Amino acid sequence: MRVGLIRVMTTSDRRLLNAHGKLLQEAFGFTVTSRCIPDQPSGVYDQASLESAAPKVVHLAREMAGDADALIISCASDPGLAATRAAVDIPVIGAGSAAAAAALTFGGRIGVLGLGSHVPGPIAESLGERMLLIDGALGQVETPDAFLMPAGIFEALAAAHMLVDAGADVIVQASTGLSSIGMAGVLRRRLGVPVIDAVTAAGSMIVSAVVSRELQQV
């Protein structure tokens with residue numbers, strides 16, 4: 319399975335660029351090609367950056383689609399998802415909507431661990447009243463690249479503990495910046511609750527989409 323992975327945070331660091339692809343290769347055995355959109359070094363973190371990213375995602379998707387069996391938009395806000403699906407003829411999965419769908423398979427309250435008080439639209443819309451937030455828990459983490467710094471890592475750990483203490487039965491990582499540092503595995507070991515990683519959730523949806531298409535052809 320050839321997967322084209324679109325990073326929405328601009329970087330020239332090859333290790334960081336390929337971090338999400340490595341997760342997918344290890345979890346599913348995909349052959350992943352990762353590329354990033356230009357001119358967004360802090361990724362998507364508010365409405366303006368979301369609107370800026372969307373057309374860039376569509377443009378890059380068109381370039382990548384010919385060499386892929388499926389595409390992943392590796393951002394919890396799913397910038398340009400609908401337009402990208404309309405532009406290419408292969409499955410396109412948004413990490414945010416995939417993470418929300420995975421979280422909803424569990425019962426109880428869903429704690430959202432993301433950027434400050436911002437919850438990406440696809441996640442907020444899907445989770446509705448089951449969503450649990452703690453205002454100010456990640457007040458200093460306003461952009462995805464902040465999770466690459468020690469302070470961001472410590473704040474994420476503390477916020478996750480607060481969510482569980484407040485009654486979260488499952489945690490959904492509402493920023494793929496957390497995927498870049500492998501936070502889901504750390505939280506599962508520390509907290510003992512299910513933790514949804516948005517990137518691997520997108521990988522699971524690709525597997526489901528491919529199986530569905532194969533069954534339809536039988």
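Quick note on this note's numbering: the sequence shown kicks off at 319 and runs consecutively.
Where is the CB? At the ideal position from N, CA and C, for every residue including glycine.
In this text the structure is predicted, and so the values were computed from the model without any measurement.
For residue i, the three-state DSSP class (helix, strand or coil)
i, result
"Gly-503", "helix"
"Arg-427", "coil"
"Met-449", "strand"
"Ile-514", "strand"
"Leu-533", "Bear in mind that the predicted position of Leu-533 carries a pLDDT of just 48, short of 50, making it unreliable; the figure below should be weighed with that in mind. Leu-533 falls in the helix class under three-state DSSP."
"Leu-422", "coil"
"Pro-468", "helix"
"Ser-522", "helix"
Beta-carbon proximity list for residue i, same chain, < 8 Å, skipping 5 on both sides
i, result
"Leu-533", "Bear in mind that the predicted position of Leu-533 carries a pLDDT of just 48, short of 50, making it unreliable; the figure below should be weighed with that in mind. Within the same chain, Leu-533 has no close Cβ partners at all."
"Tyr-363", "Leu-433, His-436, Glu-460, Thr-461 and Pro-462"
"Ala-372", "Pro-397, Gly-398 and Ala-401"
"Leu-509", "Ala-478, His-479, Val-482 and Ile-489"
"Val-528", "Met-319, Asp-387, Ala-388 and Pro-409"
Continuous beta strand (DSSP E) stretch holding residue i: start and end
i, result
"Gly-322", "320-325"
"Leu-389", "388-392"
"Ile-489", "488-491"
Residues of its chain near residue i, where Cβ-Cβ distance is below 7 Å and the 5 sequence neighbours each way are ignored
i, result
"Ala-345", "Thr-518 and Gly-521"
"Arg-448", "Arg-427 and Ile-428"
"Arg-333", "none"
"Ala-516", "Ala-394, Ala-413, Gly-414, Ala-416, Ala-417, Gln-491, Thr-494 and Ser-497"
"Val-525", "Phe-346"
"Phe-424", "Asp-487, Val-488 and Pro-512"
"Ser-335", "What sits at residue 335 in the sequence shown is Leu, not Ser. Cβ within range, chain order: Arg-325, Thr-329, Ser-352 and Cys-354."
Nonlocal neighbours in the same chain, by C-beta distance under 6 Å from residue i, ignoring five residues either side
i, result
"Gly-322", "Thr-351, Met-382, Ala-386 and Leu-389"
"Ala-337", "Ser-498"
"Pro-359", "Thr-328"
"Pro-438", "Ala-394, Ser-395, Gly-414 and Ala-492"
"Ala-420", "Ile-514 and Ala-519"
Spatially closest choice to residue i from the options, by CA coordinates
i, options, result
"Gly-434", "Ile-411, Asp-463 and Ala-372", "Asp-463"
"His-436", "Leu-445, Glu-460 and Gly-361", "Glu-460"
"Leu-342", "Ala-442, Met-319, Val-375 and Pro-438", "Met-319"
"Ala-379", "Ser-367, Phe-348, Asp-357 and Arg-403", "Arg-403"
"Leu-422", "Ser-444, Leu-431 and Asp-453", "Ser-444"
Continuous alpha helix (DSSP H) stretch holding residue i: start and end
i, result
"Arg-380", "365-382"
"Ser-498", "495-498"
"Gly-439", "439-445"
"Thr-461", "Looking at the DSSP string, Thr-461 is not in any alpha helix (DSSP H), and its letter there is neither H nor E."
"Thr-402", "399-405"
"Leu-334", "332-335"
Those residues which DSSP pairs with residue i across a bridge
i, result
"Val-410", "Leu-389"
"Val-482", "Looking at the DSSP assignment, Val-482 forms no beta bridge with any residue, so it has no partner."
"Val-350", "Val-321"
"His-436", "Leu-433"
beta-carbon residue i near the ligand MG non-hydrogen atom, thresh 8 Å
i, result
"Ile-391", "This structure lacks the ligand MG; in fact it carries no ligand of any kind."
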